[in-house]
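Quick note: the sequence shown uses full-length UniProt numbering, first residue 1, plus one each step.
Just so you know, even glycine gets a beta-carbon here, dropped at the ideal spot from N, CA and C.
One structure is given below, encoded as structure tokens.
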Amino acid sequence: MKPKNKSMHRRCTTLVFFRRLFLTASKYRYRTVILFTTIYIFINAEIMRMLEPKTFENTFHAVWWILTTMTTVGYGDIYPTTQLGRTWAMVIVYTLGIGLFGTVIGMIIDSVSRYKQMKEEGRMTFKGENHFVIVGWTAKSKNTIKELFAAEPKTEIVLIDELEKTPYEHERFLYIQGSPTDEETLKRARIEKAKAVLLFAPDGITNPDLADGKTLLTASSIERYDEGTESNIYTIAEILNERHVGNFNHVKVDEFILSHQSVSNLMAKSAQTKGTSHLFTQLLSRRDGDAGSDLWEVELKPEWKTYGEAYEALKNKGAQLIADRDDLNILKKWHDSIPKEARLFVICDKKTYQRI
Numbered sequence: 001m002k003p004k005n006k007s008m009h010r011r012c013t014t015l016v017f018f019r020r021l022f023l024t025a026s027k028y029r030y031r032t033v034i035l036f037t038t039i040y041i042f043i044n045a046e047i048m049r050m051l052e053p054k055t056f057e058n059t060f061h062a063v064w065w066i067l068t069t070m071t072t073v074g075y076g077d078i079y080p081t082t083q084l085g086r087t088w089a090m091v092i093v094y095t096l097g098i099g100l101f102g103t104v105i106g107m108i109i110d111s112v113s114r115y116k117q118m119k120e121e122g123r124m125t126f127k128g129e130n131h132f133v134i135v136g137w138t139a140k141s142k143n144t145i146k147e148l149f150a151a152e153p154k155t156e157i158v159l160i161d162e163l164e165k166t167p168y169e170h171e172r173f174l175y176i177q178g179s180p181t182d183e184e185t186l187k188r189a190r191i192e193k194a195k196a197v198l199l200f201a202p203d204g205i206t207n208p209d210l211a212d213g214k215t216l217l218t219a220s221s222i223e224r225y226d227e228g229t230e231s232n233i234y235t236i237a238e239i240l241n242e243r244h245v246g247n248f249n250h251v252k253v254d255e256f257i258l259s260h261q262s263v264s265n266l267m268a269k270s271a272q273t274k275g276t277s278h279l280f281t282q283l284l285s286r287r288d289g290d291a292g293s294d295l296w297e298v299e300l301k302p303e304w305k306t307y308g309e310a311y312e313a314l315k316n317k318g319a320q321l322i323a324d325r326d327d328l329n330i331l332k333k334w335h336d337s338i339p340k341e342a343r344l345f346v347i348c349d350k351k352t353y354q355r356i
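This is the structure we're talking about:
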């Protein structure tokens, strides 16, 4: 065999060896390969110490040399000097060690690639809690996600839809592919641990009856799932036709958002009282930063016995008390006692709210 052919043959043999090593290691779990590699390193470190006690004074020096040899060509600061030590290094450390470490690196890269692919395709399972679950990817739900992140930058959001790949990129956002009527999909989203579940009317269905019917089916699935977890999931649903609200009487939905009616009413109000839309836009959005006034809920203080006392205390801190739940007639209830179940809402900027 010619020298050139011999060289090519050796290279091919080496590549085949490393390929077989990688395929063999891939059959085992990642932790098993890491454990085997660690044991391999320390066993060879002790063997090199026995073969070369003058060169490798302690285990640390031996481990250092093996790691630098397996990952690079070595730094030349420590190396075997005896024939027996060099033979062991060539046969065991160089051949098997470099291939083994390369296999570990390959498995790490492969794991990262698979994780990225699974996340893009919505095949992951959410592990956290106190998150928001968005059902249905639409222009409205996209804007809602942006608003939630603007209001709470550290919050986590999970989207449920049947798209092939994730439609949104954010470090605290997770897409889950699947039907929202499927119990397994709801389980992967951990809706029982969510702050709220937001159901959006599908963009692709123009018929309000069909769109609200699909929302009703999803709400029923969530309620059925909730009965098994007993977690009292807070659900907010977008409805296209107000007349369909009555159809949800047998399904637990905490809030309804009438999207078409809300826009129509705001248009009419702005036409009657010019500038009204700017006021509502500022209250509904938190993208103006800390200086903008927003709507906040405040905790009841023991010293607030009446609505008047709460109003004055909040006013002195720069906040305007406007409502108890959906009751806006605070000024008419000035001397009334505040019930335990009250939920007080104020208008103020973020810094004022934090002081409260």
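Rounded to whole angstroms, how far is the Cβ of Leu321 from the Cβ of Val346, which I believe are closer than 8 Å? One-based indexing of the sequence shown puts residue 321 at position 321. One-based indexing of the sequence shown puts residue 346 at position 346. Between the beta-carbon of Leu321 and that of Val346 there is about 5 Å, and that keeps the pair under the 8 Å contact cut.
Which runs of the beta strand (DSSP E), 3 residues or longer, sit entirely within the segment 254–308? If you keep only unbroken beta strand (DSSP E) runs of at least 3 residues inside the segment 254–308, you get 255–258, 294–298.
6 Å CB neighbourhood of Lys4 in its chain, flanking five on each side removed: Here residue 4 refers to the residue found at position 4 when the sequence shown is read from its first residue. With a pLDDT of only 49 at Lys4, under the threshold of 50, the placement of this residue in the model should not be trusted, and no figure is reported.
Taking Ala219 and Phe256 to be in contact with their CB atoms under 8 Å, please state how far apart those CB atoms are, rounded to whole angstroms. Here residue 219 corresponds to residue number 219 of the sequence shown, with the count starting at 1. Here residue 256 corresponds to residue number 256 of the sequence shown, with the count starting at 1. Wrong, their Cβ atoms sit about 10 Å apart, outside the cutoff.
Lys351 to Tyr225 span [Cα, whole Å]: As a position in the sequence shown, residue 351 is number 351, starting the count at 1. As a position in the sequence shown, residue 225 is number 225, starting the count at 1. Answer to the nearest angstrom: the Cα atoms are 39 Å apart.
Extent of the continuous alpha helix (DSSP H) to which Tyr168 belongs: Taking the sequence shown and counting its residues from 1, the one referred to as residue 168 is at position 168. Run containing Tyr168: none; DSSP gives neither H nor E here.
Beta carbon of Ala62, beta carbon of His131: below 8 Å? For the purposes of this step, residue 62 is taken as the residue at position 62 of the sequence shown. For the purposes of this step, residue 131 is taken as the residue at position 131 of the sequence shown. No, Cβ-Cβ distance for Ala62 and His131 is not below 8 Å.
Please classify Ser141 as buried or exposed, where buried requires at least 16 neighbouring CB atoms within 10 angstroms. On the sequence shown, position 141 is the one that residue 141 refers to. By the neighbour-count rule (16 or more Cβ atoms within 10 Å), Ser141 is buried.
Measuring alpha carbon to alpha carbon, tell me which of Leu210, Ile41, Tyr234 ends up nearest Ile134. By 1-based counting over the sequence shown, the position of residue 134 is 134. When only C-alpha atoms are compared, the closest one is Tyr234.
Suppose you measure from the CA of Tyr175 to the CA of Glu46; what does that come to, to the nearest Å? For the purposes of this step, residue 175 is identified with residue 175 of the sequence shown, where counting begins at 1. For the purposes of this step, residue 46 is identified with residue 46 of the sequence shown, where counting begins at 1. Going by the C-alpha atoms only, they are around 49 Å apart.
At a cut of 8 Å, does the segment 35–45 reach the segment 97–112 through at least three beta carbon pairs? Yes, since at least three Cβ pairs between the segment 35–45 and the segment 97–112 fall closer than 8 Å, the two stretches touch.
Is it buried or exposed for Tyr115, if we count other Cβ within 10 angstroms and need 16 for buried? Translated into positions along the sequence shown, residue 115 becomes position 115. By the neighbour-count rule (16 or more Cβ atoms within 10 Å), Tyr115 is not buried but exposed.
Give the single residue among Ile105, Ala151, Pro167 whose Cα lies nearest to the Cα of Phe121. Position 121 of the sequence shown, counting from 1, holds the residue named residue 121. The residue asked about is misnamed: residue 121 is Glu in this sequence, not Phe. For the residues Ile105, Ala151, Pro167, the minimum Cα distance to Glu121 belongs to Pro167.
Have a look at Glu312, Lys305, Leu300, Lys315 and flag the residue whose alpha-carbon is nearest the alpha-carbon of Arg343. To locate residue 343, count along the sequence shown from 1; it is residue 343. It is Leu300.
Arg355 versus Lys315, Ser277, Ser285, residue with shortest Cα-Cα distance: As a first step, residue 355 must be located in the sequence shown, where it is residue number 355. Closest option to Arg355, Cα to Cα, is Lys315.
Do Trp65 and Ile78 have their beta-carbon atoms positioned less than 8 Å apart in this structure? Reading the sequence shown from its first residue, position 78 is the one you call residue 78. Reading the sequence shown from its first residue, position 65 is the one you call residue 65. With contacts defined by Cβ atoms closer than 8 Å, Ile78 and Trp65 form a contacting pair.
Thinking just about the alpha-carbon of each residue, which of Thr82, Leu96, Val298, Pro180 is nearest to the one in Phe36? The sequence position of residue 36 within the sequence shown is 36, counting from 1. Nearest in C-alpha terms to Phe36, of all of Thr82, Leu96, Val298, Pro180, is Leu96.
Check whether the segment 228–246 and the segment 186–193 touch, using three or more Cβ-Cβ pairs below 8 Å as the test. A contact between stretches requires three or more CB pairs, one per stretch, nearer than 8 Å, and the segment 228–246 meets this requirement with the segment 186–193.
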